[in-house]
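Under this note's numbering, the sequence shown has 221 at position 206, and the numbering climbs by one with no breaks. Just so it is clear, CB atoms sit at the ideal spot from N, CA and C, and this is done for glycine as well. Keep in mind the model is a prediction, meaning the values are calculated, not measured. Presented below is the structure to which this report refers.
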Amino acid sequence: MSAMPVHALNAVPSPRPLPSFRGRIGCDARSGHYAVPGRYRLHLSLSCPGALRIAVVHSLLGLADVCPVTLLPAVPDGPDGEHSALRPLYEASAHRYPGAAVAPVLSDDWSGRIVSTHAPDITRDLARRFGAARPELYPQGAEGEIEGVARLCEQGMDGAAQRAGRADADDLERGDALGSLLRTLRSLDARLAGQEYVLGDQLTFADVELWVSLVRLDTVHRWHLDASAVHRVADHPHLWAYARRLAAHPAFGPHLDLDGIARRHHAHCRGLEAAGAAVQILDWASHVPDQGVSAGGQVSHVLD
């Protein structure tokens, strides 16, 4: 059998990369997307961690009248996490868009197209272009520290907790991951023992990052940890007191959709439920101002 000709190999189509939606809001008309109140719209599903971070920043900056929000269902109604309501927006932004129409999205009401789907860019642009005379969430000189906290949350908390609860991992792998998670929590707990916020006395975007990661640790990842591991996670009093305090903040807690987070998780997760599922660390709903969120399904034991 003869070898396949080189030209035939070259003719095999490679996967087409998805169009990238990472436009930025600039400071003047020369940037194309410039800061105009009422021009942009956010499309958010609050069960998604990226969208929850954006919603908190949006409230901290007081942008309800500047950049309206369209809320999407907690559980996407299409394949690959797609929200069917966003499909026309994606099609208008990239003809015959081949991927899933996912949230979060920052759109331009003037053009009917997507500006960005990149959550970190969206939060920075909201803060920098519409955040004048409001809390300085990205203080000058603190960008590196904020990015460091974001990496710590992604790798040392979310990533480690996910690995610690993997059903297909052996005891050694799960134990190593739990150890990494506990070391991260220990360092954060020590930091918060002597200061109000992650970077000191001022609330910054680093606090938004950490708080959302703590929400996910208790409402998503603990379902796959054993009860002993969840008790060890809960044994960081300064860290969880901080989480309670921010849950009571009017820009944080009212965006919690506990029922939606649970439904989204159970709709897509194929992992095995462990004994830690019955050991809730915080009764989040009890700390939300004016009971602005439904508690959803309560579990049998609360560590609070």
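If contacts are defined as beta-carbon pairs under 8 angstroms, then residue i and residue j qualify, I think. What distance do you get, rounded to the angstrom?
{"i": "residue 258", "j": "residue 229", "result": "5 angstroms"}
{"i": "residue 53", "j": "residue 81", "result": "7 angstroms"}
{"i": "residue 200", "j": "residue 254", "result": "6 angstroms"}
{"i": "residue 59", "j": "residue 70", "result": "6 angstroms"}
{"i": "residue 168", "j": "residue 224", "result": "5 angstroms"}
{"i": "residue 102", "j": "residue 116", "result": "5 angstroms"}
{"i": "residue 146", "j": "residue 152", "result": "7 angstroms"}
{"i": "residue 299", "j": "residue 262", "result": "6 angstroms"}
{"i": "residue 134", "j": "residue 68", "result": "6 angstroms"}
{"i": "residue 188", "j": "residue 198", "result": "With 8 angstroms as the limit, residue 188 and residue 198 do not qualify as a contact, their Cβ atoms being about 16 angstroms apart."}
Among the candidates the options, whose CA atom is the shortest distance from the CA of residue i?
{"i": "residue 220", "options": "161, 110, 45", "result": "161"}
{"i": "residue 86", "options": "243, 177, 272, 146", "result": "272"}
{"i": "residue 61", "options": "89, 164, 266", "result": "89"}
{"i": "residue 95", "options": "106, 83, 118", "result": "118"}
{"i": "residue 126", "options": "299, 49, 266", "result": "49"}
{"i": "residue 170", "options": "100, 232, 247, 91", "result": "232"}
{"i": "residue 248", "options": "180, 72, 158", "result": "180"}
{"i": "residue 42", "options": "142, 243, 72, 269", "result": "142"}
{"i": "residue 35", "options": "172, 263, 136, 243", "result": "136"}
{"i": "residue 56", "options": "123, 64, 213, 131", "result": "123"}
{"i": "residue 227", "options": "72, 278, 245", "result": "72"}
{"i": "residue 165", "options": "235, 74, 234, 65", "result": "65"}
{"i": "residue 76", "options": "173, 266, 280, 302", "result": "266"}
{"i": "residue 205", "options": "245, 45, 250", "result": "250"}
{"i": "residue 215", "options": "144, 112, 175, 157", "result": "157"}
{"i": "residue 283", "options": "92, 173, 154", "result": "92"}
{"i": "residue 193", "options": "155, 207, 213, 246", "result": "246"}
{"i": "residue 295", "options": "235, 260, 111", "result": "235"}
{"i": "residue 278", "options": "252, 114, 63", "result": "63"}
{"i": "residue 260", "options": "293, 303, 134", "result": "303"}
{"i": "residue 174", "options": "185, 191, 186", "result": "191"}
{"i": "residue 98", "options": "172, 74, 120", "result": "120"}
{"i": "residue 131", "options": "40, 280, 112", "result": "40"}
{"i": "residue 144", "options": "274, 46, 301, 163", "result": "46"}
Can you pull the DSSP bridge partners for residue i?
{"i": "residue 41", "result": "49"}
{"i": "residue 57", "result": "84, 121"}
{"i": "residue 128", "result": "123"}
Cβ of residue i less than 8 angstroms from any chain C Cβ?
{"i": "residue 263", "result": "Looking for chain C here will not work: only one protein chain is present."}
Enumerated in chain order, which unbroken segments of the beta strand (DSSP E) with a length of 3 residues or greater are wholly contained in the stretch 184-257?
-> For the stretch 184-257, not a single whole beta strand (DSSP E) run of length 3 or above is found.
Taking contact to mean at least 3 C-beta pairs separated by less than 8 angstroms, is the stretch 231-239 in contact with the stretch 287-296?
-> yes
Stretch pair the stretch 91-109 + the stretch 126-137: three plus CB contacts closer than 8 angstroms | Output reads yes: the stretch 126-137 touches the stretch 91-109.
Whole beta strand (DSSP E) runs in the stretch 93-180 with 3 or more residues, listed along the chain?
-> Correct list: 120-123, 128-131.
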